[in-house]
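**Q** This is the structure I have questions about; it appears just below.
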Amino acid sequence: MTLTRLGCAGWSISRDAAPSFDGAGSHLERYAAVLNAVEINSSFYRPHQPQTYARWADSVPDHFSFSVKLPKTITHERRLKDVAALLDRFAAEAGALGSKLGCVLVQLPPSLALDATVADDFLHQLRGRFDGMLACEARHGSWFGDDASALLQRHRITRVIADPPAGQPGPYVATTDDAYVRLHGSPRIYYSSYDEDYLAGVAAWLQDRNGWCIFDNTASGAAILNALQLKLLQGAG
């Protein structure tokens, strides 16, 4: 039996979606009573204290999982170089989620080409701090060739399937047995909703795979409605 970690980039509940999240408690508690995963994107912009992560973990059921995005200081400012201290800090913070830390997400800038030596060292350091699922959303074409695939496979890093597929020159090539799907909205990124035919295709593709599906089309509230639609299509509603 396969398992899909289904959720959104954040746990904001739009007015249109509110009737489906009518339980008691905070937004996170209400969200986690319906969906089984969330992606924390705010960690990309600013650090959170360990006690904040611990409070979030205490707010959700045991089966719930968080994916946490690596800080931009590591990916965009240092560009994966000389990041040991920054990785230590992030691991100490996000590690407070305990068993509810389901994935660490690495999103690379579109301008960052693959430097195999730098990438190998970085992924080695990252894997040394996190034994669980690691996912990488690269956005430069050089990260989609055979050398990059081998590098990700060696460190057990799941290549993200993104829509729109920024930087990807050809068909998706898996690097682990798991999947991590990020749906940003198309044609208008962060805004556009996905129609039922598209979501049915996603549901069918996920049927035989363990993985995550995160809706990042949050700017106008489409994400949480799409997540609910996909949950129904998967027969979990």
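So for the sequence shown, the UniProt record's numbering puts the first residue at 1; every next one is plus one. We put the CB at the ideal spot given by N, CA and C, even for glycine. Treat the numbers as computed from the prediction; the structure is a model and nothing was measured.
1. Out of Ala200, Arg5, Leu112 and Leu199, point me to the one whose CA is closest to Ala137's CA.
2. So, does the region 37-45 touch the region 79-86, judging by three or more C-beta pairs under 8 Å?
3. Among His155, Asp121 and Ala162, which has the Cα closest to the Cα of Arg139?
4. What residue does the beta strand (DSSP E) around Thr158 start on, and which one ends it?
5. Should Lys81 be labelled buried (16 or more other beta-carbon atoms within 10 Å of its own) or exposed?
6. Looking only at its chain, what residues have a beta carbon closer than 8 Å to the beta carbon of Gln153, apart from the 5 residues adjacent to it on each side?
7. Helix, strand or coil for Thr218? Go by DSSP, reduced to three states.
8. Where Arg209 and Asp131 are concerned, what is the direct C-alpha to C-alpha distance, given to the nearest angstrom?
9. According to DSSP, Val106 sits in a beta bridge with which residue or residues?
10. May I ask which residues mark the beginning and end of the alpha helix (DSSP H) holding Leu126?
11. Given a threshold of 16 other Cβ atoms within 10 Å of its Cβ, counted over all protein chains shown, does His124 qualify as buried or as exposed?
12. Give me the Cα-Cα distance between Asp178 and Thr4, rounded to the nearest whole angstrom.
13. Roughly how far, in whole angstroms, is the beta-carbon of Gly7 from the beta-carbon of Glu39, given that I think they are within contact range, below 8 Å?
14. How many angstroms separate the CA atom of Val202 from the CA atom of Ala223?
15. I think residue 302 touches Lys69, with their Cβ atoms under 8 Å apart; what is that distance to the nearest whole Å?
**A** To lay it out plainly:
1. Residue identity check: residue 137 is Glu in the sequence provided, not Ala. Glu137 has its Cα closest to that of Leu112, out of Ala200, Arg5, Leu112 and Leu199.
2. No: the two stretches stay apart, fewer than three of their Cβ pairs being nearer than 8 Å.
3. Ala162
4. First-last of the beta strand (DSSP E) with Thr158: Ile157 to Arg159.
5. Within 10 angstroms of the beta-carbon of Lys81 lie fewer than 16 other beta-carbons, which makes it exposed.
6. Contacts found: Thr175 and Thr176.
7. Thr218 sits in coil when the DSSP states are folded into three classes, being neither helix nor strand.
8. 20 Å
9. Cys136
10. Ala116 to Arg129
11. exposed
12. If I take the Cα positions, the gap works out to 10 Å.
13. 7 Å
14. 14 Å
15. The first residue shown for the chain is 1 and the last is 237, placing residue 302 beyond what the model contains.
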